[in-house]
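Q:
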Amino acid sequence: MDARLSRSIGLPDAFPDIIGLAVRFTEQDKLSDMLLATTGPTGLGRFILRLRRDAASAVFSSMMPYRSDRGPVLIAARTIGGPAKLPVEPSAFRSLLGNESWTLELHHASPLGPWNRFGTLTLSLADHAADTPERFDPVLNPLPTAGTYGWTRRLREPSYALARRRD
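Using our numbering, you'd call the opening residue of the sequence shown number -7 and step up by one each time.
(1) Does the pairing of the stretch -1 to 19 with the stretch 29 to 36 give three or more beta-carbon distances under 8 Å?
(2) Using the C-alpha atoms, what's the distance from Leu154 back to His99?
(3) Run through the DSSP bridge pairs and tell me what Lys77 is partnered with.
(4) Report the option in Gly2, Ile1, Leu3, Thr18 whose CA atom is closest to the CA atom of Asp(-6).
(5) Between the C-alpha atoms of Asn91 and Glu81, what's the straight-line distance to the nearest angstrom?
(6) Check each candidate in Leu(-3), Leu132, Trp143, Arg148 and name the one with the smallest Cα separation from Leu23.
(7) Would you grab the beta carbon distance between Trp94 and Thr71 for me? Rounded to a whole angstrom, and I think it's under 8 Å.
(8) Hey, how far is the Cα of Thr75 from the Cα of Arg44?
(9) Straight-line CA distance for Gly139 to Met55?
(10) Would you tell me roughly how many angstroms separate the C-alpha atoms of Arg59 and Ala101, rounded to the nearest one?
(11) Can you find the residues in the same chain that come closer than 8 Å, C-beta to C-beta, to Asn88, ignoring five residues on each side of it along the sequence?
(12) Look up Tyr152 in the DSSP assignment and say whether it is helix, strand or coil.
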């Protein structure tokens, strides 16, 4: 598994930004990418992107639902262990995380339903711990156990196609 934290808008480090958390799972040589961004934790707030300075206190969610056997489902993550603060600025993040792990609870919910915990994600710095040009692409690498809706693919595809052309 690989993960990447990013500042989505690209504002200067002194300003808050929408924090993105991309996670790549590899199973039997197949890639699956899950992209989460800082949102509100409840109700309609889970569909509103929020500017944040600190990843440790943020709630991350998928915003766009996945297709499940029981209907649309959102995925969220929130910190349960690790440093009390994790600024997104790369050198500060690496310095504060150091040799520790960052542990997040994973939750799922219907679009307006309560969050239900289903797992734990534990992340630590890779030895190389530098930024990577690697792209995470949920359109080409969907989660294996959750489908996507056509409208979410149509919304995402133009920006991911543009990113692929830049590579």
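Each residue gets a CB set at the ideal place from its N, CA and C atoms; glycine is no exception.
On a predicted model such as this, the values are computed, not experimentally measured, just so you know.
A: On the basis of the coordinates in this document:
(1) Output reads yes: the stretch 29 to 36 touches the stretch -1 to 19.
(2) Rounded to the nearest angstrom, the two C-alpha atoms are 31 Å apart.
(3) Beta-bridge pairing links Lys77 to no other residue.
(4) Minimum Cα distance to Asp(-6) is reached at Thr18.
(5) Each residue's Cα considered, the two are about 17 Å apart.
(6) Taking the Cα of Leu23 as reference, the smallest distance to any Cα among Leu(-3), Leu132, Trp143, Arg148 is reached at Leu132.
(7) Going by Cβ atoms, the distance from Trp94 to Thr71 rounds to 7 Å, so yes, they are a contact pair.
(8) Inspection of the sequence shows that residue 75 is occupied by Pro rather than by Thr. Cα-Cα distance, rounded: 16 Å.
(9) CA-to-CA, the gap between Gly139 and Met55 works out to about 15 Å.
(10) Linking Arg59 to Ala101 through their CA atoms gives a straight-line distance of about 12 Å.
(11) Before going on, a small fix: residue 88 reads as Leu here, not Asn. Within its own chain, the residues whose Cβ lies closer than 8 Å to the Cβ of Leu88, once the five positions on either side in sequence are excluded, are Pro75, Lys77, Leu78, Pro79, listed in chain order.
(12) The three-state secondary structure of Tyr152, taken from DSSP, is helix.
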